[in-house]
Amino acid sequence: MADLVDAAAAPLPSGDAVESPVAPPQQPPPPPPPSDSTKAPPAKAQQQSVGGALAAAPYKVDAFIAHLFRCIQSRSHTDAVLMFFGYSCHLAGAVLDAGSRASLQHAARKLVALAFQLPPSTTVVLTSTPTPPLTALALKLAARLKAMAALISEMRTMGRLLGLFTLYMAGRSMLLQQTQKPAKDESEAARAERRFDTAVSCAQVAALVSHAVNENMVLLSTKKVLSLSPATQKKMALRSVRSWAVYVGLEIGKLLVERARRSGAGAAAQDEAATALWRKNLINNLSWAPLTVNWSLASGGPLHEILICLFAMVPATNGMVDLWRQTA
Numbered sequence: 001m002a003d004l005v006d007a008a009a010a011p012l013p014s015g016d017a018v019e020s021p022v023a024p025p026q027q028p029p030p031p032p033p034p035s036d037s038t039k040a041p042p043a044k045a046q047q048q049s050v051g052g053a054l055a056a057a058p059y060k061v062d063a064f065i066a067h068l069f070r071c072i073q074s075r076s077h078t079d080a081v082l083m084f085f086g087y088s089c090h091l092a093g094a095v096l097d098a099g100s101r102a103s104l105q106h107a108a109r110k111l112v113a114l115a116f117q118l119p120p121s122t123t124v125v126l127t128s129t130p131t132p133p134l135t136a137l138a139l140k141l142a143a144r145l146k147a148m149a150a151l152i153s154e155m156r157t158m159g160r161l162l163g164l165f166t167l168y169m170a171g172r173s174m175l176l177q178q179t180q181k182p183a184k185d186e187s188e189a190a191r192a193e194r195r196f197d198t199a200v201s202c203a204q205v206a207a208l209v210s211h212a213v214n215e216n217m218v219l220l221s222t223k224k225v226l227s228l229s230p231a232t233q234k235k236m237a238l239r240s241v242r243s244w245a246v247y248v249g250l251e252i253g254k255l256l257v258e259r260a261r262r263s264g265a266g267a268a269a270q271d272e273a274a275t276a277l278w279r280k281n282l283i284n285n286l287s288w289a290p291l292t293v294n295w296s297l298a299s300g301g302p303l304h305e306i307l308i309c310l311f312a313m314v315p316a317t318n319g320m321v322d323l324w325r326q327t328a
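Here it is, written out as C-alpha cells:
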C-alpha cells in the first residue's frame, strides 16, 4: 500500500521539449466555470461520503476491539471494564423498567378516570387487555439488561476471590515499612503525620480484609462450596458491605486531611495533575459513600434503583475513562 501511495505521489517523467518549425497552435480559452446546473449533485457527494464511512467502518471496529483488548490485560483493568458495562446495563434496565411501568400506571389511571365520568346507571365490564407491544418490548429488554448486570456482578465477585493475595501483599509492605528506622532529622510533626498515615492504612487494610473474607464466604456458600445457613449468609453479606463503608469513610477522611496539610503548608502552586487526581478520588468515594450506607441497612436502604445506578456510574465512568486513556 505504501508503494502505491509513493508511486501516485511521484512526479510524472519529463524531458526536453522538441523544437518544431511550426508555430504552436493557439490554446483555446478556458471554459467558463460550471454553473449550478452542471455541478455534481449533492446527493452524489453524500453517497460518496457514506461509502467512505462504510469502507472505513471495519478498520474502526478493529481498532476499537484492539483497544478494548488492551484494557483487559490485568485483573484490575478487567474489573474496571466489567464495572462500567455492568452498571451501564443496570442503569438502562432500571430506566426502561421504570418508564414502562409508569406508562402502564398512567394508562390504568386514565381508564379509571373515564369510568368515573360515565353515568351512574352504566355498567362497566373490565376485561384483561394485552400490554401494548412497545411497552412489552421495553419490559423484556429491561429484564434482559438487569440479568446481564447481575451476571457481570457475579463475575466481578468471583474475580475478587483472589483479592486476599493483594491485601496480603499490601499488609506485608506496610509491615516492612514499619521495620525501617526513621530518619534522624525527622521532625515531630512529620513523625506524627507518618504515624497517622500508618494507622489509617492499617485500618483500611483490616476493613478490606473483612470485606473480602465475608464476601468470599457468602459467594462460596451460594455455590454450595460452604454450608452456611441463609441467615448466616445475610449477616456476613451485611458485614462485608459495612466493612466496605468503613474503608470508604476512612478514605474520605484521609483525603480531607491531605487537603488540609497542603493548605497548611502554604503551597501556592500545586501540581495540577496531583490536584486533579485528588479531586477525582474524592468524587469517587463521595459517590460510593451513600451506596455503602444504603446497602448496609438490614431492612434495605431508601435509595431508588435508578439513583443507585447513577451514583455508581460516577466512579465507573471515571475509571473507564482513565483506563481508556492509559491504553490508547
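Taking full-length UniProt numbering, the leading residue of the sequence shown gets 1, the next gets one more, and so forth.
Glycine included, each C-beta is placed from N, C-alpha and C at the ideal position.
On a predicted model such as this, the values are computed, not experimentally measured, just so you know.
Using a Cβ-Cβ cutoff of less than 8 angstroms, which residues in the same chain neighbour L255 once the five nearest sequence positions on both sides are dropped?
W278, N281, L282, N285
If you measure between the beta carbons of A80 and L145, is that distance less than 7 angstroms?
no
Straight-line CA distance for I308 to A66?
32 angstroms
Spatial distance of S263 from N318 (CA atoms)
26 angstroms
Does DSSP put G159 in a helix, a strand or coil?
helix
R242 burial status per 10 Å Cβ neighbour count (16 or more: buried):
buried
Distance, V112 Cα to P130 Cα
17 angstroms
So, with DSSP's three-state summary, where would you put Q73?
coil
Can you tell me whether L96 is buried or exposed, with buried defined as 16 or more other CB within 10 angstroms of its CB?
buried
Supposed close pair H90, A149 - CB separation, criterion 8 angstroms
4 angstroms
Beta-carbon proximity of Q233 to V209, cut-off 7 angstroms
no
So A98 and I306 are supposed to be a Cβ contact under 8 angstroms. How far apart are they, rounded?
6 angstroms
In its own chain, which residues sit with a C-beta less than 8 angstroms from the C-beta of Q178, not counting the 5 before and 5 after it?
T198
Return the residue from the list F116, R325, C71, S240 that minimises the CA-CA distance to T292.
S240
Taking only heavy atoms of the ligand ZN into account, decide whether any of them is closer than 6 angstroms to the Cβ of T131.
For the ligand ZN, the structure offers nothing, since it holds no ligand at all.
Cα-Cα, which of S173, W295, V321 is closest to F85?
V321
Measure from the alpha carbon of M83 to the alpha carbon of each residue in A142, V314, A273, then state which is nearest.
V314
Where does H211 sit, in a helix, a strand or coil, going by DSSP?
helix
Starting from the C-beta of residue 329, find all residues in its chain whose C-beta is less than 7 angstroms away, skip the five residues before and the five after it, and write them out in chain order.
Nothing can be reported for residue 329: it is not among the residues displayed for the chain, which extend from 1 to 328.
Distance between V61 and E215 (C-alpha atoms, nearest Å)
38 angstroms
May I ask which residues mark the beginning and end of the alpha helix (DSSP H) holding T292?
272–296
Work out the CA separation of S49 and F311 for me, nearest whole Å.
40 angstroms
Measure from the alpha carbon of L297 to the alpha carbon of each residue in M236, A274, D271, then state which is nearest.
M236
Count the other CB atoms within 10 Å of the CB of V225; is the residue buried (16 or more) or exposed (fewer)?
exposed
Where do the N-terminal and C-terminal ends of the alpha helix (DSSP H) with E186 fall, by residue?
Premise fails: E186 is in no alpha helix (DSSP H) and is neither H nor E.
Opening and closing residue of the alpha helix (DSSP H) in which G319 lies:
305–326
Quick test of your reading: L139 and S100, contact by CB under 8 angstroms. State the CB separation rounded to the nearest angstrom.
5 angstroms
Would you mind working out which of A212, P182, R195 sits nearest Y168, comparing C-alpha positions?
A212
Please classify P21 as buried or exposed, where buried requires at least 16 neighbouring CB atoms within 10 angstroms.
Caution is warranted here: a pLDDT of 41 is assigned to P21, below 50, making its placement in the model unreliable, and no coordinate value can be reported.
When the Cα atoms are used, what is the spatial distance from A289 to A94?
21 angstroms
Environment of M1 [buried if 16+ CB atoms lie within 10 Å]:
Unreliable placement is indicated for M1, whose pLDDT of 43 sits below 50; the coordinate value is still reported in the next sentence. The residue in question, M1, is exposed, as its Cβ has fewer than 16 Cβ neighbours within 10 Å.
Report the option in Q105, L151, V246, P58 whose CA atom is closest to the CA atom of Y87.
L151
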